[in-house]
Each structure stands twice: as structure tokens, then as C-alpha cells.
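Note sheet for the following structure.
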Amino acid sequence: MLKFIKSLFGPSINYRDLITKGAIVIDVRTPQEFDNGHIKGSKNIPLNIIQTEVDKIKSWNQQVITVCQSGGRSSMAKSILKNAGIEVYNGGGWMSLQSKL
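Residues in the sequence shown are numbered consecutively from 341, following the numbering used here.
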């Protein structure tokens, strides 16, 4: 039964391991939101400009973890980056991800 439930939600992701291996956390909230708190070392690229930053993000040649306040904007950012051929994971809300690190 537990195996079935896990299959519904996909594999569990070890974000700490991804970051240890060089993944970059991109916080897609506004600069004002970012200034009020963020994951140490994360980069602030707001969702409304992420499409224009795709080439720069690709040049990093690293896996990416997107975060925002609750997971909605980071999910949209993930789709944009995935469609551009970037290996990307949706970390959801930044405070939730921070607690897992």
C-alpha cells in the first residue's frame, strides 16, 4: 500500500544531496520578498523575467531547484526551465525547503 501511495507522488528528492553536488537554488519571488528572507546562497530571478535569463542559467551547467513562497510560481518556473532543456526540480516554498536542508 505504501509503495502504491509513493508511486502516486513520484520519487522522493534529496534536495540536500542535490545542493551538495552543485545544484543552484533559484528563488523566483520578487526582490522585495527575497529581501525579507531566503535560502542562503540562493539566486533571486523573479518569475516574470526568468524566460529572459534562460541562456544565463543554462551556462551554469548545473541542476536547478526553483523555490518561491508556496510552490506555485516555482512550479511555473520549473516548466519554463525544463522546456529549455535544464534539469530542474521544484523545491516548493523556500521556508519548507530550507527546513529540509
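The beta-carbon is built from N, C-alpha and C at its ideal position, and this holds for glycine as well.
Computed from a predicted structure; not experimentally measured.
- Here the segment 361–369 lies against the segment 391–408, with 3 or more beta-carbon pairs under 8 Å apart.
- Rounded to whole angstroms, the separation of the alpha carbons of G431 and K440 is 10 Å.
- One Cα belongs to N384, the other to R369, and the distance between them is close to 7 Å.
- In this structure, L437 sits away from R413, with a CB-CB distance that is not shorter than 9 Å.
- Leaving aside the five residues that flank K398 on each side, the residues in its chain whose CB is nearer than 8 Å to its CB run, in chain order, A424, G425 and I426.
- In the structure shown, the three-state DSSP call for I420 is helix.
- By the criterion of a C-beta distance shorter than 8 Å, W400 is surrounded in its chain by I364, once the five residues flanking it on both sides are discounted.
- For L358, same chain residues with a beta-carbon under 8 Å away, outside a window of 5 residues either side, are Q403, I405 and Y429 in chain order.
- When DSSP assignments are scanned along the segment 385–429, the uninterrupted stretches of alpha helix (DSSP H) that are 4 or more residues long and fall wholly within it turn out to be 394–399 and 412–423.
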